[in-house]
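K.L.:
In this text, residue positions in the sequence shown follow our numbering: the first is 35, and each later residue adds one. Where is the CB? At the ideal position from N, CA and C, for every residue including glycine. Since we're looking at a predicted model, the values are computed, not measured. Sharing a structure here in structure tokens format.
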Amino acid sequence: MHIHPAAAVTGALLGLSALVLSATAAQAAPARDQPGNPVTVSHRGASAYAPENTLASIDKAAALRIAWVENDVQRTQDGKLVIMHDTTLNRTTNVETLFPSRAPWKISDFTLAEIQKLDAGSWFNRKFAGERVPTLGRYLNRVEHNHQKLLMEVKAPELYPDIERQTLNELDNAGWLDREHLKSRLILQSFSADSLKNIHRQEADVKTGFLGMPAVADLPAYARFADQINPSHKTVTTAYIAAVHRLKGPHARPLELFTWTVDDGPTAVALARMGADGIITNAPDVVRNALEQKSFGLFIPSFP
Ligand code: G3P
Ligand code: CA
Numbered sequence: 035m036h037i038h039p040a041a042a043v044t045g046a047l048l049g050l051s052a053l054v055l056s057a058t059a060a061q062a063a064p065a066r067d068q069p070g071n072p073v074t075v076s077h078r079g080a081s082a083y084a085p086e087n088t089l090a091s092i093d094k095a096a097a098l099r100i101a102w103v104e105n106d107v108q109r110t111q112d113g114k115l116v117i118m119h120d121t122t123l124n125r126t127t128n129v130e131t132l133f134p135s136r137a138p139w140k141i142s143d144f145t146l147a148e149i150q151k152l153d154a155g156s157w158f159n160r161k162f163a164g165e166r167v168p169t170l171g172r173y174l175n176r177v178e179h180n181h182q183k184l185l186m187e188v189k190a191p192e193l194y195p196d197i198e199r200q201t202l203n204e205l206d207n208a209g210w211l212d213r214e215h216l217k218s219r220l221i222l223q224s225f226s227a228d229s230l231k232n233i234h235r236q237e238a239d240v241k242t243g244f245l246g247m248p249a250v251a252d253l254p255a256y257a258r259f260a261d262q263i264n265p266s267h268k269t270v271t272t273a274y275i276a277a278v279h280r281l282k283g284p285h286a287r288p289l290e291l292f293t294w295t296v297d298d299g300p301t302a303v304a305l306a307r308m309g310a311d312g313i314i315t316n317a318p319d320v321v322r323n324a325l326e327q328k329s330f331g332l333f334i335p336s337f338p
């Protein structure tokens, strides 16, 4: 069937204006990831544009209309849960200036009151001066306020005995273990299989992801406690993704695969074509836009 050029151009313009209008109308809430595309996950927030693992970084993701944010949870000396990637404070705060005699500046050697004195923004850019290391509680409230979804990593759990129980309790107290959050807004992930088994044993309804790339022969064992296998994009292959998808996880759904950390469009599109279910990125706008262009490319009107 041939489409008249004028009709095709009019149709394309109407489609474009509908897209612009819907983007404007939905400004307050994150956009839905397009069906058929992997979900885009903001790694440590939109950490290419704002200091990682801060409220500013998830607000930036929200401003970019990105629904999913990834973070890392650890524990202070006095037993409070905070959001930070490194197990030490010196890379992403001014701890060396405020506490020069406390090397090696482990999170587990500082109280929450001490950590809350730190500036977690200036290292990234002066315009973020005064940004704080968030507690898990404050972070959860902001993710909720932003209508976002959370991929939370239990970081270095071997350092923090029983952090799984404590994390689940905080999630529960903040309303994150209700049916809506469990169904579509929360995933807990870790590089530690033991930690994930612990989570699955305590709260079997929570969706979990294993960070790493187990041998294909070992995947059935992981599928007993993990809903996702989440490897580095540098090692993943089409065959591996297919092997993951062939199995069902503990909730009787096909295993998924989210891959990290991908900051350029062509790699994101290649991984989408390989079958990845999620792409974890510091630059979520770059990945989301590339994935959308890939989809819209299928619908460019053809002229006779
Ligand atoms: O979500 C994947 C990624 O966070 C794992 O690596 O070191 O950034 O926590 P890392
Ligand atoms: Ca992480």
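According to the Cβ coordinates, are residue 183 and residue 101 closer than 7 Å?
P.N.:
As a position in the sequence shown, residue 183 is number 149, starting the count at 1. As a position in the sequence shown, residue 101 is number 67, starting the count at 1. Contact flag set, yes.
K.L.:
Between residue 141 and residue 126, how many whole angstroms is the CB-CB distance? I'm expecting something under 8 Å.
P.N.:
Along the sequence shown, read from residue 1 onward, the residue named residue 141 stands at position 107. Along the sequence shown, read from residue 1 onward, the residue named residue 126 stands at position 92. With 8 Å as the limit, residue 141 and residue 126 do not qualify as a contact, their Cβ atoms being about 11 Å apart.
K.L.:
Quick one: what does DSSP say residue 323 is sitting in, helix, strand or coil?
P.N.:
Here residue 323 refers to the residue found at position 289 of the sequence shown. The answer is helix: DSSP assigns residue 323 an H, G or I state.
K.L.:
If you draw a straight line from the alpha carbon of residue 59 to that of residue 319, how long is it in whole angstroms?
P.N.:
Indexing the sequence shown from 1 puts residue 59 at position 25. Indexing the sequence shown from 1 puts residue 319 at position 285. Here residue 59 scores only 34 on pLDDT, less than 50, and its place in the model should not be relied on; the value that follows carries that caveat. Roughly 19 Å between the two C-alpha positions.
K.L.:
In terms of alpha-carbon separation, which member of 269, 324 and 124 lies closest to residue 299?
P.N.:
Here residue 299 refers to the residue found at position 265 when the sequence shown is read from its first residue. Measuring from the Cα of residue 299, the nearest candidate turns out to be 324.
K.L.:
How about the region 72–84 and the region 129–148: do they share at least three Cβ pairs that are nearer than 8 Å?
P.N.:
Short answer: they don't touch.
K.L.:
Excluding the 5 residues preceding and the 5 following residue 105 in the sequence, name in chain order all residues of the same chain whose CB lies nearer than 6 Å to its CB.
P.N.:
Here residue 105 refers to the residue found at position 71 when the sequence shown is read from its first residue. Excluding residues within five positions, the ones whose Cβ falls inside 6 Å are 87, 117 and 186.
K.L.:
Would residue 190 and residue 85 be called neighbours here (beta carbons separated by less than 7 Å)?
P.N.:
Taking the first residue of the sequence shown as position 1, residue 190 is located at position 156. Taking the first residue of the sequence shown as position 1, residue 85 is located at position 51. No, these two residues do not count as a Cβ contact at 7 Å.
K.L.:
Should residue 157 be listed as close to ligand 1, given that the test is whether its C-beta is under 6 Å from any heavy atom?
P.N.:
Stepping through the sequence shown from its first residue, residue 157 is reached at position 123. No, Cβ of residue 157 sits at least 6 Å from all heavy atoms of ligand 1.
K.L.:
The beta strand (DSSP E) spanning residue 121 covers which residue range?
P.N.:
On the sequence shown, residue 121 is found 87 positions in, with the first residue counted as 1. Element bounds for residue 121: n/a, residue is neither H nor E.
K.L.:
Counting only the same chain and skipping the five closest in sequence on each side, list residues whose C-beta sits under 6 Å from that of residue 250.
P.N.:
Sequence index remark: in the sequence shown, residue 250 carries index 216 (1-based). Cβ neighbours of residue 250 beyond the five flanking positions: 277.
K.L.:
Between which two residues does the beta strand (DSSP E) carrying residue 309 extend?
P.N.:
Taking the first residue of the sequence shown as 1, we reach residue 309 at position 275. No beta strand (DSSP E) holds residue 309; DSSP gives it neither H nor E.
K.L.:
As an exercise, report each continuous alpha helix (DSSP H) stretch of at least 4 residues that is fully enclosed by the region 141–228, in chain order.
P.N.:
For the region 141–228, whole alpha helix (DSSP H) runs of length 4 or above, ordered along the chain, are 146–149, 170–179, 197–207 and 213–218.
K.L.:
Along the chain, where does the beta strand (DSSP E) containing residue 245 start, and where does it finish?
P.N.:
On the sequence shown, residue 245 is found 211 positions in, with the first residue counted as 1. Residue 245 -> beta strand (DSSP E) spans 241–245.
K.L.:
Looking at residue 242: is its Cβ nearer than 7 Å to the Cβ of residue 255?
P.N.:
In the sequence shown, counting from the first residue as 1, residue 242 sits at position 208. In the sequence shown, counting from the first residue as 1, residue 255 sits at position 221. Not in contact: residue 242 and residue 255 (Cβ atoms no closer than 7 Å).
K.L.:
Given the structure, does residue 86 come close to ligand 2, in the sense that its CB is under 6 Å from one of the ligand's heavy atoms?
P.N.:
The count along the sequence shown starts at 1 and reaches residue 86 at position 52. For ligand 2, not one heavy atom lies less than 6 Å from the Cβ of residue 86.
K.L.:
Is residue 120 near ligand 2 - that is, is its Cβ less than 6 Å away from at least one heavy atom of it?
P.N.:
Position 86 of the sequence shown, counted from the first residue, corresponds to residue 120. The answer is no for residue 120.
K.L.:
Quick check on residue 305: buried or exposed, where buried means 16 or more other Cβ atoms within 10 Å of its Cβ?
P.N.:
As a working note, residue 305 is residue 271 in the sequence shown. With 16 or more other Cβ atoms within 10 Å, it is buried.
K.L.:
Near ligand 1, which residues have their beta-carbon closer than 5 Å to a heavy atom?
P.N.:
Listed by chain position, these are 104, 294 and 314.
K.L.:
Could you name the residues whose beta carbon sits closer than 5 Å to any heavy atom belonging to ligand 2, keeping them in chain order?
P.N.:
Matched residues: 106 and 187.
K.L.:
Would you check if the distance between the CB atom of residue 264 and the CB atom of residue 292 is smaller than 7 Å?
P.N.:
Translated into positions along the sequence shown, residue 264 becomes position 230. Translated into positions along the sequence shown, residue 292 becomes position 258. Their beta carbons are under 7 Å apart, which means residue 264 touches residue 292 by this criterion.
K.L.:
My output table needs one value for residue 316: the three-state DSSP class, helix, strand or coil.
P.N.:
Taking the first residue of the sequence shown as 1, we reach residue 316 at position 282. In the structure shown, residue 316 sits in coil (DSSP, three-state: anything other than H, G, I, E or B).
K.L.:
What is the residue span of the alpha helix (DSSP H) that residue 129 lies within?
P.N.:
Residue 129 sits at position 95 when you count from the first residue of the sequence shown. Note, residue 129: alpha helix (DSSP H), 129–132.
K.L.:
For residue 238, which option in 266, 90, 219 and 211 has the closest C-alpha, if you only look at C-alpha atoms?
P.N.:
For the purposes of this step, residue 238 is identified with residue 204 of the sequence shown, where counting begins at 1. The shortest Cα separation from residue 238 among 266, 90, 219 and 211 belongs to 211.
K.L.:
Please name the residue, chosen from 68, 67, 65 and 73, that lies closest to residue 290 on a Cα-to-Cα basis.
P.N.:
Here residue 290 refers to the residue found at position 256 of the sequence shown. It is 73.
K.L.:
On the three-pair Cβ rule with 8 Å, is the region 129–138 touching the region 155–162?
P.N.:
Counting Cβ pairs under 8 Å, fewer than three are found: no touch.
K.L.:
Beta-carbon separation of residue 109 and residue 65 under 7 Å?
P.N.:
As a working note, residue 109 is residue 75 in the sequence shown. As a working note, residue 65 is residue 31 in the sequence shown. Cβ atoms of residue 109 and residue 65: not closer than 7 Å.
K.L.:
Kindly identify the DSSP beta-bridge partner or partners of residue 263.
P.N.:
Here residue 263 refers to the residue found at position 229 when the sequence shown is read from its first residue. Its beta-bridge partners are 244.
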